[in-house]
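Going by my numbering, the first residue of the sequence shown is number 58, and it counts up by one from there. Cβ coordinates follow ideal geometry from the N, Cα and C atoms, glycine included. Written out below as structure tokens is the structure these notes cover.
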Amino acid sequence: MREEDFSFFEEEDFKENLARYEAMLNGGPSAYLESDELTDIAEYYLTHGETEKAYACIDYALTLHPNSIDPLIFKARQYMFSGHLDQAQKICDSIQEQNDREVIFLHAELLIRKQNVAEALRYLAEQKAHFADDRKDLYTYLYDCACILEDYAYDDKALEWAEEAEKISGPNLKIMFLKAEIYCAKESFEEATDILEKILDENPYSLKAWNMLADTYFMREMYDKAIESAEFSLAIKEKGNPEALFAKANSLYHLGNFEEAHRLYTQYINDFPKTDEYPYLFDGLCLNQMERYEDACQRLESAEEFSNDCSPEQLQIYLQLSFAYSKVGKFQKALHYLERAKNYEPEGFDYFVLKGHVLLENGFVAEALECFQEAKEESTDRERAYFLIAVSFFENRLYADALENFYELLEFCTVQTESNCYPYMAYCFYYAKDEVQYLKYLERACETNPEGTKMVFGHLFPESLNPKEYYAYVLRQNNL
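This is the structure in structure tokens:
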């Protein structure tokens with residue numbers, strides 16, 4: 058069921074039917090309900106995670122109404138979702154009313170899941186003829202086809218069907234939301250933004266539109282706009298609005314406002330504790346940035362628990378746990394999580410560099426040097442490995458070793474990596490009180506990598522100063 062269908066469960070007729078059915082389960086009188094009413098109850102149970110109750114309800118529906126379409130479709134779809142395509146197809150083929158809309162959609166989905174996408178598209182196009190006599194029926198059919206294609210990530214085709222539906226109905230909220238969702242799936246966030254803003258011009262209190270708009274601005278890295286949209290949403294509905302709260306927290310994190318982002322992630326976790334790993338992970342990231350490493354460990358452990366070792370963010374969880382435990386001196390736990398991260402072998406992940414960093418941070422210098430040497434010899438991205446090793450020495454305040462590695466790197470690296478080295482090298486010479494080399498590399502750093510220079514020099518930067526002007530500022534301060 059799509060999001061807009063869930064509101065049906067709040068209708069009085071449905072609540073009354075559910076109460077009658079549950080009263081029967083609890084020993085009350087038999088409840089005669091139509092097959093579609095019982096299927097709605099099964100859908101309700103399914104959306105609330107009560108699978109066994111849903112299946113029992115469908116069995117009861119088929120006892121009262123053998124061969125009825127709705128419960129058979131439900132049963133076939135559950136087979137389909139669990140990968141039992143043959144059983145699902147058998148039920149689909151057994152239904153007498155093959156021209157029923159839901160039967161058509163089931164057959165098309167089975168074709169898609171069997172990788173017969175072109176055949177599914179031809180089939181859906183052929184079936185349009187059954188609805189051509191009624192514009193409303195045809196619009197509904199086209200809209201539902203677009204939804205199915207979006208569900209299976211055939212976004213270009215979904216957009217074609219949505220636009221064909223729109224030609225019949227004209228612009229309306231339902232089709233505009235669908236097109237915005239499809240554009241988001243296509244990562245065409247500007248087009249999605251335009252549609253959502255048109256929706257809000259007509260419906261300024263649409264919670265869904267404000268939340269989607271916050272997400273599109275976030276994906277466009279327009280974090281101030283994302284926060285503004287989330288705040289409009291929260292002004293409409295402050296409590297029970299997890300989407301807006303999360304969007305605002307994420308945007309604040311990306312703006313570097315870790316204190317406020319942490320406050321909102323904490324509020325989210327307190328208000329919606331039985332969620333997924335993401336708020337715990339992102340709050341852990343905040344706490345690491347705030348150097349509250351013990352607290353970060355707790356949050357990240359919760360993220361690991363929720364992830365059940367199968368999250369798209371599993372690597373990030375393990376790396377952040379390794380980082381946090383290393384910072385609090387629990388290097389064995391840090392190495393443990395690094396080992397777990399190693400299993401994922403993502404592109405660009407260099408196990409020996411990270412292991413060397415953990416060892417160096419915890420005082421095992423000789424062991425760290427061995428890891429770094431192995432990384433230099435075996436890394437698939439030699440330039441990146443050298444850079445990270447140099448930064449590791451820098452972060453551990455071993456500035457002479459950092460400079461040695463940066464100089465090695467400059468012998469073979471690209472211009473981009475060279476510009477990334479300059480701020481660190483300038484700081485190393487600043488620390489060593491070598492004014493000539495400090496000014497030489499600071500000038501290069503401010504010219505080629507001003508934002509990186511501001512990041513490395515941190516507290517030495519005047520708050521309102523343009524990073525490109527820092528070199529001139531230093532000269533003035535030192536009367537040079």
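- Contiguous alpha helix (DSSP H) elements confined to the region 97-172 occur at 108-121, 126-138, 142-151, 158-170, taking only those with 4 or more residues.
- Taking 8 angstroms as the cut-off, the Cβ atoms of residue 446 and residue 420 do not count as close.
- If you ignore the 5 residues before and after residue 270, its C-beta comes within less than 6 angstroms of the C-beta of 253, 286, all in its own chain and listed in chain order.
- Within the region 251-298, no beta strand (DSSP E) run of at least 3 residues lies entirely inside it.
- In the same chain as residue 169, and ignoring 5 residues on each side of it, the C-beta atoms closer than 6 angstroms to its own belong to 177, 209, in chain order.
- A straight line joining the alpha-carbon of residue 377 with that of residue 345 spans about 8 angstroms.
- DSSP places residue 369 in the coil class of the three-state scheme, outside both helix and strand.
- In the DSSP annotation of this structure, the continuous segment of the alpha helix (DSSP H) that includes residue 496 starts and ends at 492-505.
- DSSP places residue 436 outside both helix and strand once states are collapsed to three, so it counts as coil.
- Pairing residue 411 with residue 453 gives a Cβ-Cβ distance that is not under 8 angstroms.
- Straight-line spacing of the CA atoms in residue 277 and residue 338 works out to 22 angstroms.
- Judged by DSSP in its simplified three-state form, residue 86 adopts coil rather than helix or strand.
- Rounded to whole angstroms, residue 182 and residue 289 show a C-alpha spacing of 41 angstroms.
- Burial state of residue 319 is buried, judged by a 10 Å Cβ sphere holding 16 or more other Cβ atoms.
- Here residue 519 is not near residue 503, since their CB atoms are 8 angstroms or more apart.
- When the Cα atoms are used, residue 375 and residue 233 turn out to be separated by approximately 40 angstroms.
- Rounded to whole angstroms, the gap between the alpha carbons of residue 94 and residue 161 is 21 angstroms.
- The Cβ atoms of residue 531 and residue 481 do not sit closer than 8 angstroms to each other.
- The DSSP-derived three-state label of residue 512 is helix.
- Per DSSP, residue 458 is one residue of the alpha helix (DSSP H) stretching across 456-467.
- From the listed residues 360, 341, 312, the smallest Cα separation to residue 331 is found for 360.
- Counting every other CB atom within 10 Å of its CB across the protein chains shown gives residue 105 a total below 16, marking it as exposed.
- In the pairwise beta carbon analysis, the region 139-154 is classified as not touching the region 110-122: fewer than three pairs are separated by under 8 angstroms.
- Less than 8 angstroms separates the beta-carbon of residue 409 from that of residue 435.
- For the set 76, 220, 312, 164, the Cα lying nearest the Cα of residue 279 is the one of 312.
- The Cβ-Cβ distance between residue 478 and residue 466 falls below 8 angstroms.
- If you look at residue 524, you'll find it isn't in any alpha helix (DSSP H); DSSP assigns it neither H nor E.
- In the DSSP assignment, residue 401 falls outside any alpha helix (DSSP H), carrying neither H nor E.
- For residue 367, the number of other beta carbons within 10 angstroms of its own is below 16, and it is reported as exposed.
- Contact check for residue 96 against residue 127 passes: the beta carbons are separated by less than 8 angstroms.
- Relative to the Cα of residue 489, the nearest Cα in the group 507, 299, 356, 455 belongs to 455.
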